[in-house]
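Shown next, in C-alpha cells, is the structure this report addresses.
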Amino acid sequence: MDGYAVAGAPPWRPLADVVTAGGASTVVLEPGDAVRIATGAVLPDGAERVVRDEHLDVTDSLVTPLPGNADGDDTRRIGEDWHAGAHLAPAGTVVSPAVLSTALSAEVPSLAVRGPLRVRTILSGDEIRTSGPLARGETRDAVGPVVASFVRACGAEALEVTHLRDTAADVDALFSGPCDADVLAVVGGTGGGAADRLRDAITRAGGEIVVGRVRCRPGGSQLTAVLPDGRVVLGLPGNPFAAIATLVTILPAVVDAALAAEPSRRRGIVHVDDAADGARIVAVDALPDGTWHVRRGHGTATLVGLVGAAAFAVVPPLARGDVVCEIVPLP
Ligand SMILES: Nc1nc2c(c(=O)[nH]1)N[C@H]1C(S)=C(S)[C@@H](COP(=O)(O)OP(=O)(O)OC[C@H]3O[C@@H](n4cnc5c(N)ncnc54)[C@H](O)[C@@H]3O)O[C@H]1N2
Ligand code: MOO
317 MDGYAVAGAP PWRPLADVVT AGGASTVVLE PGDAVRIATG AVLPDGAERV VRDEHLDVTD
377 SLVTPLPGNA DGDDTRRIGE DWHAGAHLAP AGTVVSPAVL STALSAEVPS LAVRGPLRVR
437 TILSGDEIRT SGPLARGETR DAVGPVVASF VRACGAEALE VTHLRDTAAD VDALFSGPCD
497 ADVLAVVGGT GGGAADRLRD AITRAGGEIV VGRVRCRPGG SQLTAVLPDG RVVLGLPGNP
557 FAAIATLVTI LPAVVDAALA AEPSRRRGIV HVDDAADGAR IVAVDALPDG TWHVRRGHGT
617 ATLVGLVGAA AFAVVPPLAR GDVVCEIVPL P
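With the sequence shown counted from 1, adding 316 to any position gets you the numbering used here.
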C-alpha cells in the first residue's frame, strides 16, 4: 500500500527518504520513525508495519494515525497468498490464461500438462478436388480449408489436412503407417456403401469401433474407433454440414477423455417447433433474451446453413417447445 512504514508507537517523525518498489533501500528506521513507502516496495529495516495514506494525518514534522486507525497494518507478507505445497489448480484444469498467470505468481516455471490432442483431418473420396477447376463428377472440397477452425474450437491442435484415395490399400496405409496425430478425423466413407472402405479398414487394422452409428441427423453414419496404438479414428459423414456438426459434437468428448478434463457442456433453451424421433444437430441463432432459435434447414451438402449462425444445438429425440439443449458455439 502507498503510505508510511513505521517503527514504534505513534506519532512518528517523517524521514526525508522515500522507499520505492524495485529499488534496494538503505533506510533504517528507529523507534518513532516513519518513512514514505510505495506499494510493492520492500519494507525497510527496523519497520514494524505499514499504514496506508488514507489512515494518516501527515505534516512536515509529524505522522499521526487518524482516529480509529491506530493499529492497522497494510504490510503484504511474503507467501501470504498461499502456503508451500498449496494446490492452486486441481489436476485436469484447462491451462487457461488465469492458470498460467497464477503459475507465474507462484514462481512455478513448468507445469505437467496433457495435450493438446493433435488432430489430422483426412479427406476421402476420389471425386473430391482441393484445387484447380472441377471436371465433370468432381466436387469441390468444402471442408479441408475450414476444418482447423472447428478443431481448434474443440480445444485440439489441427495438423495439416491430407487427401486419401478410395482404395483399400490407401486406407490400410493410413492406419498402419507412422503418424504424428492422436486423432484421425476421416471425412466421408462412413456410410458403408460401394466406395466406403473405412469400417473394414479399421477392423483389418485391429481397431475397435466404439461407436458404430448414432441415432442422430445429420451424422447418423458417424463412427468413433480406437486403433491398437491408442489413436482415435473419427469417421465424419462426407456431407460438409454433417462432417462439421459431427466433429464439433464428438471431438470435445474425445479431448476431455484423453486429457482427463472435466466435461464442460454449455446448455441453453432452444425453441423447437417440431419433434423428431432421433436427436438432431441444428444451426441456431441467439435471441436477445438469451434463448435460441432454430434456423430453417438447408440440407447437409454445404455449410450455407451455418453462414452467420451463432451455434449448433443438439436437440434430444422427441423434444418440442422450449427445450434445454447442448449448445456448441461456432468459431
Ligand atoms: N443408402 C443410403 N445412402 C446414404 C445415406 C443413407 O442414409 N442411406 N445417407 C447419406 C448421408 S446423409 C450422408 S452424410 C452420407 C454419409 O456417407 P459417407 O460418410 O460415406 O460420405 P461420402 O459418401 O463419402 O460423401 C457424402 C457426400 O459428401 C461429399 N463430400 C465428401 N467429402 C467432401 C468434402 N471434403 N467437401 C465437399 N463435399 C464432400 C461427397 O462427394 C458426397 O456427395 O451418405 C449418404 N448416403
Ligand atoms: O449424415 Mo448425412 O448425416 O444426414 O448429411
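Cβ atoms here follow ideal geometry from the backbone N, Cα and C, with glycine treated the same way.
Everything numeric in this text was worked out from a predicted model, so none of it was measured.
Measuring CB to CB, does residue i end up less than 8 Å from residue j?
i, j, result
"residue 472", "residue 571", "yes"
"residue 556", "residue 595", "no"
"residue 482", "residue 509", "no"
"residue 368", "residue 319", "yes"
"residue 374", "residue 360", "no"
"residue 532", "residue 586", "no"
"residue 408", "residue 578", "yes"
"residue 410", "residue 427", "no"
"residue 582", "residue 518", "no"
"residue 488", "residue 529", "no"
When you compare only the Cα positions, how much space is there between residue i and residue j?
i, j, result
"residue 363", "residue 604", "57 Å"
"residue 552", "residue 436", "13 Å"
"residue 565", "residue 447", "29 Å"
"residue 602", "residue 588", "13 Å"
"residue 474", "residue 492", "21 Å"
"residue 615", "residue 628", "14 Å"
"residue 599", "residue 562", "13 Å"
"residue 607", "residue 456", "35 Å"
"residue 433", "residue 424", "24 Å"
"residue 516", "residue 507", "11 Å"
"residue 534", "residue 430", "32 Å"
"residue 397", "residue 346", "29 Å"
"residue 388", "residue 377", "21 Å"
"residue 452", "residue 505", "21 Å"
"residue 513", "residue 484", "6 Å"
"residue 647", "residue 415", "23 Å"
"residue 391", "residue 463", "53 Å"
"residue 538", "residue 593", "18 Å"
"residue 331", "residue 322", "10 Å"
Taking 7 Å as the line, does the beta carbon of residue i fall inside it for any heavy atom of ligand 2?
i, result
"residue 458", "no"
"residue 515", "no"
"residue 618", "no"
"residue 537", "yes"
Closer than 7 Å: is that where the CB of residue i sits relative to any heavy atom of ligand 1?
i, result
"residue 554", "yes"
"residue 534", "yes"
"residue 444", "yes"
"residue 558", "yes"
"residue 487", "no"
"residue 448", "no"
"residue 410", "no"
"residue 621", "no"
"residue 439", "yes"
"residue 509", "yes"
"residue 503", "yes"
"residue 506", "yes"
"residue 455", "yes"
Report the CB separation of residue i from residue j in whole angstroms; it is logged as a contact under 8 Å.
i, j, result
"residue 439", "residue 480", "7 Å"
"residue 559", "residue 459", "5 Å"
"residue 574", "residue 636", "Incorrect: roughly 35 Å between the Cβ atoms, too far for contact."
- Message: Using a Cβ distance threshold of 8 Å, determine whether the region 532 to 551 contacts the region 399 to 410, with at least three qualifying pairs required.
- Response: no
- Message: Using a Cβ distance threshold of 8 Å, determine whether the region 351 to 369 contacts the region 320 to 339, with at least three qualifying pairs required.
- Response: yes
- Message: Check whether the region 521 to 536 and the region 493 to 501 touch, using three or more Cβ-Cβ pairs below 8 Å as the test.
- Response: no
- Message: Whether or not the region 375 to 382 and the region 320 to 328 are in contact is what I'm after, with contact meaning three or more pairs of Cβ atoms, one per stretch, closer than 8 Å; do they touch?
- Response: yes
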